[in-house]
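Inspection log for the structure reproduced underneath, given as structure tokens.
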Amino acid sequence: MPWRSAPTPAAVPGQAVELVARGRLGDTVTVVVDRGPVRPVIDRIALDVPNRIFVGDVEVQGSNTGADGTYATLSTTPIYAVRGAVAARSTTAVFPPTDYRFLLVRARGVSGITGAAVARDPSQPPVEPVAARSTKRERERTTVVTLDLGYVRVPADRLSIRSSTPRYVRGVAVEGSNDGATFIPLSNSEIARFPGVDLSKIALSSRHRYLRVTIRNGDDAPLDGLRVTAEAMPRPLLLASGFEPPFRLLYGAATVSAPSYDFARLPSAATGFETARRGTLGPERANELFEPLADTRTFFERNDYLIEVLLVVVAIVVAAAGLFALRRRTSEPSS
Numbered sequence: 002m003p004w005r006s007a008p009t010p011a012a013v014p015g016q017a018v019e020l021v022a023r024g025r026l027g028d029t030v031t032v033v034v035d036r037g038p039v040r041p042v043i044d045r046i047a048l049d050v051p052n053r054i055f056v057g058d059v060e061v062q063g064s065n066t067g068a069d070g071t072y073a074t075l076s077t078t079p080i081y082a083v084r085g086a087v088a089a090r091s092t093t094a095v096f097p098p099t100d101y102r103f104l105l106v107r108a109r110g111v112s113g114i115t116g117a118a119v120a121r122d123p124s125q126p127p128v129e130p131v132a133a134r135s136t137k138r139e140r141e142r143t144t145v146v147t148l149d150l151g152y153v154r155v156p157a158d159r160l161s162i163r164s165s166t167p168r169y170v171r172g173v174a175v176e177g178s179n180d181g182a183t184f185i186p187l188s189n190s191e192i193a194r195f196p197g198v199d200l201s202k203i204a205l206s207s208r209h210r211y212l213r214v215t216i217r218n219g220d221d222a223p224l225d226g227l228r229v230t231a232e233a234m235p236r237p238l239l240l241a242s243g244f245e246p247p248f249r250l251l252y253g254a255a256t257v258s259a260p261s262y263d264f265a266r267l268p269s270a271a272t273g274f275e276t277a278r279r280g281t282l283g284p285e286r287a288n289e290l291f292e293p294l295a296d297t298r299t300f301f302e303r304n305d306y307l308i309e310v311l312l313v314v315v316a317i318v319v320a321a322a323g324l325f326a327l328r329r330r331t332s333e334p335s336s
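Each residue of the sequence shown is one higher than the one before, starting from 2 at the first, in the numbering used here.
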């Protein structure tokens, strides 16, 4: 069946929304947003927070009716406003694209929420964690964490580096490799955590299987409770309508070109992607029809080490022959 990379949706500029309910329980401020009967798909909400300095987080839930028990959790996003050596402010919560009418917002670490605006920015989709196997080694004055993402050329757009150490400022170098032997530099950044500051994200543009993260500790102890996570933006595929599931997805053949479909050349608006339903991947299975490519290399190309062995043997034979000839010549009686 025809398929293509999902088109980038149109942006929705910021639109102020009405706060129809407010509340507070302990250190949690809650507001309910009503977007009205006509509502485009959005993926973020910017909150008006009166505090000048704060560090907290915001949980966003969505519902079509607004009734109790109908809200589904969309995301939890850190929010903060800090000043000093590092000045920054972020009060925007990002979540998967949705057209829910009602949004329930729970914010911690702030005194209140006085207003809100919703929007959609396709150029900044929310990232998702990438499954990886992690190994950690302590070296002299550094901590080295290597992530194995499982396959070559796996996209990674960000690293999250978290620690339970309350105060630190550390330099971080990130390298990438597809064979686990040759690494190239990807980023040289800094992570920090102290009151009012939490800089734990490193932007990347990587397509590697292995990510090696070197944290420079200097004369300080290694970070406690260290957690390094690779994250990536979704890269969904769009399947043409008119076909019945289940669908079979084959991948991994690096020498096979992608098919060419009219569907892939249609303008975005003609694909119907805005009304597409999200699918779920089933378990992986080996392809019983897979046949490995025939190895067309010569015997010596497949066993190039034999050439070195033969050269060494030839050198030994030549040296031995020369030594034997020299001994024979010196042992002959002179006339």
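C-beta: ideal position from N, C-alpha, C; glycine also.
Item: Just the Cα atoms here: how many angstroms apart are Val95 and Asp220?; Value: 38 Å
Item: Take the Cβ of Phe103 as the centre, count every other Cβ of all protein chains shown within 10 Å, and call the residue buried at 16 or more, exposed below.; Value: buried
Item: If distances are taken between C-alpha atoms only, which option among Ala12, Arg84, Ala241 comes closest to Val198?; Value: Arg84
Item: If you reduce the DSSP assignment to three classes, tell me which class Leu224 lands in.; Value: coil
Item: Given a threshold of 16 other Cβ atoms within 10 Å of its Cβ, counted over all protein chains shown, does Ile185 qualify as buried or as exposed?; Value: exposed
Item: In terms of alpha-carbon separation, which member of Ala241, Leu160, Pro247, Thr147 lies closest to Thr276?; Value: Ala241
Item: So, Thr92 versus Val50, is the Cβ gap smaller than 7 Å?; Value: yes
Item: Tell me, to the nearest whole angstrom, how far the beta carbon of Leu282 is from that of Trp4; I am working on the premise that it is less than 8 Å.; Value: That pair is no contact at about 14 Å.
Item: For the stretch 175 to 190 against the stretch 210 to 228, do three or more pairs of beta-carbon atoms, one drawn from each stretch, fall closer than 8 Å, so that the two count as touching?; Value: yes
Item: Under 7 Å Cβ to Cβ from Asp225, same chain only, skipping five residues before and after it: list those, please.; Value: Ser164, Ser165, Thr166
Item: How close, in whole Å, do the beta carbons of Ala120 and Arg171 come, if the pair is a contact with beta carbons under 8 Å?; Value: With 8 Å as the limit, Ala120 and Arg171 do not qualify as a contact, their Cβ atoms being about 34 Å apart.
Item: Would you give the residue range spanned by the beta strand (DSSP E) that Thr78 belongs to?; Value: 73 to 83
Item: Considering only residues of the same chain and omitting the five flanking positions on each side of Asp149, which have a CB-CB separation below 7 Å?; Value: Ala133, Arg134, Arg210, Tyr211
Item: With a threshold of 6 Å on Cβ separation, who are the neighbours of Val116 within its own chain once the five nearest residues in sequence on each side are excluded?; Value: The displayed chain sequence assigns Gly, not Val, to residue 116. Counting only Cβ-Cβ distances below 6 Å, and skipping sequence neighbours, we find Asp49.
Item: Is it the case that the Cβ atoms of Val33 and Leu105 are separated by a distance below 7 Å?; Value: yes
Item: Can Leu205 and Arg138 be called in contact, C-beta distance under 7 Å?; Value: no
Item: List the residues that DSSP assigns as beta-bridge partners of Asp35.; Value: Glu19, Phe103
Item: Are Gly110 and Gly57 closer than 7 Å when you measure CB to CB?; Value: yes
Item: Beta-carbon separation of Glu60 and Arg107 under 7 Å?; Value: yes
Item: Quickly, what does DSSP pair Arg138 with across the bridge? List them, please.; Value: Val145
Item: Check the DSSP bridge columns for Tyr169 and list the partner residues they point to.; Value: Arg194
Item: Compute the distance between the beta-carbons of Ala17 and Ile54, then report whether it is under 7 Å.; Value: no
Item: Going by C-alpha to C-alpha distance, which of Arg142, Arg278, Gly151, Ala265 sits closest to Pro246?; Value: Arg278
Item: So Asp69 is in the beta strand (DSSP E); what residue range does that whole segment cover?; Value: It is not in any beta strand (DSSP E) - Asp69 carries neither H nor E in the DSSP assignment.
Item: Our contact map puts Val173 next to Ser201 with C-beta atoms below 8 Å; I'd like the distance itself, whole angstroms only.; Value: Actually they do not touch by this definition, with Cβ atoms about 10 Å apart.
Item: According to the Cβ coordinates, are Thr272 and Arg217 closer than 7 Å?; Value: no
Item: Would Tyr252 be called buried (16 or more neighbouring beta carbons within 10 Å of its own) or exposed?; Value: exposed
Item: For Ala132, which three-state DSSP category applies?; Value: coil
Item: Among Pro156, Val153, Thr147, which has the Cα closest to the Cα of Ile162?; Value: Thr147
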